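The listed protein sequences derive, respectively, from chains V and X. Here my numbering runs 17 ahead of the position in the first sequence, where the first position is 1. Here my numbering runs 105 ahead of the position in the second sequence, where the first position is 1. C-beta atoms are modelled at their ideal positions from N, C-alpha and C, and glycine is treated no differently. The model shown is predicted, which means the values in this text are computed figures rather than measured ones. Reviewing the structure listed below.
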Amino acid sequence: MIELIIPTVGQGLLWAVLALGVYLTFRILDVADLTVEGSFPLGAAVAASLLNAGVSIPVSLLIAVIAGMLSGVVTGVLHTKMKIPALLAGILTMIALYSVNLRVMGKANISMLGIDTVFKYTRDLTGLNVADSSFVVGLVFTVVVGVATYHFLGTEIGACLRATGCNQQMIRAQGVNTDTMLIIGLAVSNGLVGLSGALIAQANGFADVGMGTGTIVIGLASVIIGEVLFGNRSVKNSMISVVLGSITYRIVIAVVLALGMPPNDLKLFTSVLVAIALALPLIQSKMKSRKVVQ
Amino acid sequence: MLEIKNIHKTFFPGTINEKHALRGLNLHLYPGDFTTVIGGNGAGKSTMLNAIAGVWPVDEGEIIIDGENITKYPEHKRAIHIGRVFQDPMLGTAAGMQIEENLALASRRGEKPGWAWSCGEKQRKIFREMLKELGLGLEDRMTTRVGLLSGGQRQALTLLMATMKKPKLLLLDEHTAALDPKTAAKVLELTQQIVTRDQLTTLMITHNMRDALAFGNRLIMLHNGQVIIDVKGEEKKGLTVRDLLEMFEKAAGADAVSDRMLLG
Numbered sequence: 018m019i020e021l022i023i024p025t026v027g028q029g030l031l032w033a034v035l036a037l038g039v040y041l042t043f044r045i046l047d048v049a050d051l052t053v054e055g056s057f058p059l060g061a062a063v064a065a066s067l068l069n070a071g072v073s074i075p076v077s078l079l080i081a082v083i084a085g086m087l088s089g090v091v092t093g094v095l096h097t098k099m100k101i102p103a104l105l106a107g108i109l110t111m112i113a114l115y116s117v118n119l120r121v122m123g124k125a126n127i128s129m130l131g132i133d134t135v136f137k138y139t140r141d142l143t144g145l146n147v148a149d150s151s152f153v154v155g156l157v158f159t160v161v162v163g164v165a166t167y168h169f170l171g172t173e174i175g176a177c178l179r180a181t182g183c184n185q186q187m188i189r190a191q192g193v194n195t196d197t198m199l200i201i202g203l204a205v206s207n208g209l210v211g212l213s214g215a216l217i218a219q220a221n222g223f224a225d226v227g228m229g230t231g232t233i234v235i236g237l238a239s240v241i242i243g244e245v246l247f248g249n250r251s252v253k254n255s256m257i258s259v260v261l262g263s264i265t266y267r268i269v270i271a272v273v274l275a276l277g278m279p280p281n282d283l284k285l286f287t288s289v290l291v292a293i294a295l296a297l298p299l300i301q302s303k304m305k306s307r308k309v310v311q
Numbered sequence: 106m107l108e109i110k111n112i113h114k115t116f117f118p119g120t121i122n123e124k125h126a127l128r129g130l131n132l133h134l135y136p137g138d139f140t141t142v143i144g145g146n147g148a149g150k151s152t153m154l155n156a157i158a159g160v161w162p163v164d165e166g167e168i169i170i171d172g173e174n175i176t177k178y179p180e181h182k183r184a185i186h187i188g189r190v191f192q193d194p195m196l197g198t199a200a201g202m203q204i205e206e207n208l209a210l211a212s213r214r215g216e217k218p219g220w221a222w223s224c225g226e227k228q229r230k231i232f233r234e235m236l237k238e239l240g241l242g243l244e245d246r247m248t249t250r251v252g253l254l255s256g257g258q259r260q261a262l263t264l265l266m267a268t269m270k271k272p273k274l275l276l277l278d279e280h281t282a283a284l285d286p287k288t289a290a291k292v293l294e295l296t297q298q299i300v301t302r303d304q305l306t307t308l309m310i311t312h313n314m315r316d317a318l319a320f321g322n323r324l325i326m327l328h329n330g331q332v333i334i335d336v337k338g339e340e341k342k343g344l345t346v347r348d349l350l351e352m353f354e355k356a357a358g359a360d361a362v363s364d365r366m367l368l369g
């Protein structure tokens, strides 16, 4: 069991980048953005294709981020300029990206075996084994992304973004274009998701057109588990909670798998977990009012 | 300072719910005018303020602030000239953000947000002084989330936010209606203080005729989407509620009786 901890935490850290992206839309902007299911494999597809074509690791990752951001912009424009409900706008982009991802890769699945990935690079550089190197890569990326995102949210633009998620009427009265803010927020969020997709694909050794399925639920699980267990008093607290939530989620998965749950049931398990976590506040208040009645 | 020329607005045109809310509304405010606005339900008071603020485009007419025609500007672009306080205390502030973060946003009203840190030590000092003047003890709770404040505290904060960067026009949409009488009186007093100190051109809607007479140097009454009474200066000072009702009956004519009850 103990030898599972480092790789599990490493996985959690790699997925934490996705969770931070989902946190940006779900909590900061107050939008449930399904674009994630398309921008995650998009980041993977872009990075895998570029790395296979011999492009350097940083450039590949950067372009994966930009591709993710563009998909966020598409959802943002559909939502704000065409007045399509956010949920539907995200679904439209997600479905469209399925075709885009197939075009990017040229086929449904690209292998990265024997190619220089960020993990192989780290192993060669430090001499670490597979598990430790993915832990290190996850840690570095999560810290860099987390600190950068936190600072972004503290800037004038970031403050307007948070206010847009809080109260659009108020921030418009302060002279801020809420449409622009929603588009920026969706772009940054999906940029992070794209980066996460690129990292996970390299960790797995392949990019697959179907790897996006269920990513939004994984992201939501991390956000909600994190906030329930580790608090959401401030933006800083929430962001740390989300990262810890992502790690906790991976540990829970590793434990239930070790206990003998068939891997095919994972997505069912995750959905039930998220549904319960989302219903928790309601259940708690019902219990409380019951006590008052008694 | 503010010029409204022949504004028309119809809601739900062509449907059974069609409502011609503003019918050729004209109004000219001079710099420093503190104008109270009264009128029955559906007279077009809030509609007029929303038209000025740009919540939706008007069908006809022009809105000019300080010589600048803003009729075609979207809401967020007008905000550089206009400070607003709403009837609902929830609407004027971002509940999930801290007091100082809300103030920082308001201190840049109408400016393009940049990459600088939103709320620094220097601003905090200024905010603290401003909050002290409110006399509500908020200066010691600057990192409290606004959602934890009472309605009166939120309205006072919203008022501060609307005026901390001096607007050319201040719009108050029954901003004390949701408060208990004591708090309402306090917020009104604060309004008077700020408007007088900064000589702000102000439009204040109120349901209370006594307040409408007690505050400001000018009073207008709306009826069916038009200004039907407009009294200023000395003439306003001598008015009583009874005078107002008489003027209203004379100006509004036949349907005045039912509306009179609403106004009382």
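Short Cβ contact (7 Å threshold) for G330 (chain X) with G149 (chain X)
What you label residue 330 (chain X) is simply residue 225 of the second sequence in a count that begins at 1. What you label residue 149 (chain X) is simply residue 44 of the second sequence in a count that begins at 1. Contact flag set, yes.
May I have the straight-line CA-CA distance separating T181 (chain V) from G202 (chain V), to the nearest angstrom?
Position 164 of the first sequence holds residue 181 (chain V). Position 185 of the first sequence holds residue 202 (chain V). When rounded, the distance between both Cα atoms is 10 Å.
Under 7 Å from the C-beta of V193 (chain V): neighbouring residues of chain X:
Mapped onto the first sequence, residue 193 (chain V) falls at position 176. Per Cβ cutoff of 7 Å: H181, P218.
Chain V contact residues for T198 (chain X), given Cβ-Cβ distances below 8 Å
The count along the second sequence starts at 1 and reaches residue 198 (chain X) at position 93. Residues of chain V passing the Cβ test: N184, M187.
For E167 (chain X): DSSP bridge partner residues
Counting from 1 along the second sequence, the entry for residue 167 (chain X) is found at position 62. Answer is X:K110.
The alpha helix (DSSP H) enclosing S128 (chain V), as first and last residue numbers
Residue numbering aside, residue 128 (chain V) sits at position 111 when the first sequence is read from its first letter. No alpha helix (DSSP H) holds S128 (chain V); the beta strand (DSSP E) holding it covers 126-128.
Residue range of the beta strand (DSSP E) that includes F223 (chain V):
As a first step, residue 223 (chain V) must be located in the first sequence, where it is residue number 206. Note, F223 (chain V): beta strand (DSSP E), 223-225.
Answer with yes or no whether the minimum CB distance from I174 (chain V) to chain X is below 7 Å.
Within the first sequence, numbered from 1, the residue matching residue 174 (chain V) stands at position 157. Yes - at least one Cβ of chain X is within 7 Å of the one on I174 (chain V).
At what residue ranges does the segment 281-328 of chain X contain a whole run of the alpha helix (DSSP H), taking only runs of 4 or more?
If one requires a minimum length of 4 residues, the alpha helix (DSSP H) runs lying completely within the segment 281-328 of chain X are 286-303, 314-319, in chain order.
What runs of the beta strand (DSSP E), each 3 residues or longer, lie entirely inside the segment 197-242 of chain V?
Counting only runs of 3 or more, we get 223-225.
Among V:V193, V:A113, V:S206, whose alpha-carbon lies nearest the alpha-carbon of A184 (chain X)?
Taking the first residue of the second sequence as 1, we reach residue 184 (chain X) at position 79. Looking at the Cα atoms, V:V193 is the closest of the given residues.
Supposed contact pair I127 (chain V) and F223 (chain V) - C-beta distance, whole angstroms, cut 8 Å
Counting from one through the first sequence, the residue named residue 223 (chain V) turns up at place 206. Counting from one through the first sequence, the residue named residue 127 (chain V) turns up at place 110. With 8 Å as the limit, F223 (chain V) and I127 (chain V) qualify as a contact, their Cβ atoms being about 6 Å apart.
Taking only beta-carbon positions, decide if A364 (chain V) is within less than 7 Å of chain X.
Chain V is shown only over 18 to 311; residue 364 (chain V) falls outside these bounds and no answer can be derived.
Within chain V, the residues that S223 (chain X) reaches when beta carbons sit closer than 8 Å
The residue labelled residue 223 (chain X) in the question sits at position 118 within the second sequence. Neighbours of S223 (chain X) across chain V, judged by C-beta separation under 8 Å: G171, T172, E173, G175, A176.
In whole angstroms, what is the alpha-carbon distance linking L246 (chain V) and G262 (chain V)?
Here the question's residue 246 (chain V) lines up with position 229 in the first sequence. Here the question's residue 262 (chain V) lines up with position 245 in the first sequence. If I take the Cα positions, the gap works out to 8 Å.
Under 9 Å, CB to CB, which of the residues in the segment 202-216 of chain X have a partner in chain V?
Cβ contacts with chain V: M202, Q203, E206, N207, A209, L210, A211, R213, R214, G215, E216.
Distance between G27 (chain V) and G155 (chain V) (C-alpha atoms, nearest Å)
Locating residue 155 (chain V) in the first sequence gives position 138, where the first residue counts as 1. Locating residue 27 (chain V) in the first sequence gives position 10, where the first residue counts as 1. Distance between the alpha carbons of G155 (chain V) and G27 (chain V) is about 6 Å.
Excluding sequence positions up to five away, which residues of its chain have a Cβ less than 7 Å from the Cβ of F232 (chain X)?
Mapped onto the second sequence, residue 232 (chain X) falls at position 127. Counting only Cβ-Cβ distances below 7 Å, and skipping sequence neighbours, we find E205, L208, M247.
Where does K291 (chain X) land, buried or exposed, given buried means 16+ other C-beta within 10 angstroms?
Walking along the second sequence from the start, residue 291 (chain X) turns up at place 186. Here K291 (chain X) is buried. Its C-beta has 16 or more other C-beta atoms within 10 Å.
Under the three-state reduction of DSSP, which class applies to K227 (chain X): helix, strand or coil?
In the second sequence, the residue the question calls residue 227 (chain X) occupies position 122. K227 (chain X) carries a helical assignment under DSSP once its states are collapsed to helix, strand and coil.
Tell me, please, whether the CB atom of R229 (chain X) is closer than 7 Å to any CB atom in chain V?
Along the second sequence, one-based indexing puts residue 229 (chain X) at 124. No, no contact with chain V.
Check this for me: beta carbons of P194 (chain X) and Q298 (chain X), under 7 Å apart or not?
Residue mapping note: residue 194 (chain X) aligns to position 89 of the second sequence, counting from 1. Residue mapping note: residue 298 (chain X) aligns to position 193 of the second sequence, counting from 1. Q298 (chain X) is positioned such that its CB atom lies no closer than 7 Å to that of P194 (chain X).
From V:D282, V:F169, V:Q185, V:Y138, pick the residue whose C-alpha is nearest to that of D47 (chain V); which is it?
Residue mapping note: residue 47 (chain V) aligns to position 30 of the first sequence, counting from 1. The candidate whose alpha carbon is nearest that of D47 (chain V) is V:Q185.
Does A180 (chain V) come within less than 7 Å of chain X when only Cβ atoms are used?
Counting from one through the first sequence, the residue named residue 180 (chain V) turns up at place 163. At least one CB of chain X lies nearer than 7 Å to the CB of A180 (chain V).
Per DSSP, what kind of secondary structure is W32 (chain V) in: helix, strand or coil?
On the first sequence, residue 32 (chain V) is found 15 positions in, with the first residue counted as 1. Reduced to three states, the DSSP call for W32 (chain V) is helix.
CA-to-CA distance, C177 (chain V) to I235 (chain V), given in whole angstroms
Locating residue 235 (chain V) in the first sequence gives position 218, where the first residue counts as 1. Locating residue 177 (chain V) in the first sequence gives position 160, where the first residue counts as 1. Spanning the two alpha carbons is a distance of roughly 27 Å.
Can you pull the chain X residues whose beta carbon is under 9 Å from the beta carbon of A84 (chain V), in chain order?
For the purposes of this step, residue 84 (chain V) is taken as residue 67 along the first sequence, with counting starting at 1. The contacting residues do not exist; A84 (chain V) stays about 23 Å from chain X at best.
Looking only at its own chain, which residues have a Cβ that is under 8 Å from the Cβ of V160 (chain X), when we skip the five neighbours before and after it?
Position 55 of the second sequence, counting from 1, holds the residue named residue 160 (chain X). Within the same chain, and ignoring the five residues on either side of V160 (chain X) in sequence, the residues whose Cβ sits closer than 8 Å to its Cβ are E180.
Spatially closest choice to S225 (chain V) from V:V117, V:I74, V:G171, V:L87, by CA coordinates:
For the purposes of this step, residue 225 (chain V) is taken as the residue at position 208 of the first sequence. It should be pointed out that residue 225 (chain V) corresponds to Asp in this sequence rather than to Ser. When the alpha-carbon of D225 (chain V) is set against those of V:V117, V:I74, V:G171, V:L87, the nearest one is in V:V117.
Return the chain-ordered ranges of every alpha helix (DSSP H) run that is complete within the segment 111-158 of chain X and spans a minimum of 4 residues.
Here the runs fully enclosed are 150-158.
Starting from I187 (chain X), trace the beta strand (DSSP E) in both directions and tell me its first and last residue.
As a first step, residue 187 (chain X) is located in the second sequence; it is residue number 82 there, counting from the start. I187 (chain X) -> beta strand (DSSP E) spans 187-190.
Segment limits, beta strand (DSSP E) that includes Q331 (chain X)
Stepping through the second sequence from its first residue, residue 331 (chain X) is reached at position 226. 331-337 is the span of the beta strand (DSSP E), which, as asked, contains Q331 (chain X).
Can you say whether G369 (chain X) is buried or exposed, counting buried as having 16 or more other CB atoms within 10 angstroms of its CB?
Your numbering for residue 369 (chain X) matches position 264 in the second sequence. Annotation note: pLDDT 46 at G369 (chain X) (below 50); position unreliable, no value reported.
Member of X:L236, X:E351, X:L295, X:C224 whose CA lies at the smallest distance from the CA of I174 (chain V):
Working through the first sequence from its first residue, we reach residue 174 (chain V) at position 157. Considering only alpha carbons, the answer is X:C224.
What distance in whole Å lies between the Cβ atoms of E123 (chain X) and T117 (chain X), which are believed to be in contact at a cut-off of 8 Å?
For the purposes of this step, residue 117 (chain X) is taken as the residue at position 12 of the second sequence. For the purposes of this step, residue 123 (chain X) is taken as the residue at position 18 of the second sequence. First, the residue type needs correcting, since residue 117 (chain X) is Phe and not Thr in the sequence shown. About 5 Å separates the two Cβ atoms, so the contact holds.
Taking A292 (chain V) as the reference, give the member of V:V72, V:I233, V:N281 with the closest Cα.
Looking up residue 292 (chain V) in the first sequence gives position 275. Checked all of V:V72, V:I233, V:N281; the closest Cα to A292 (chain V) is V:I233.
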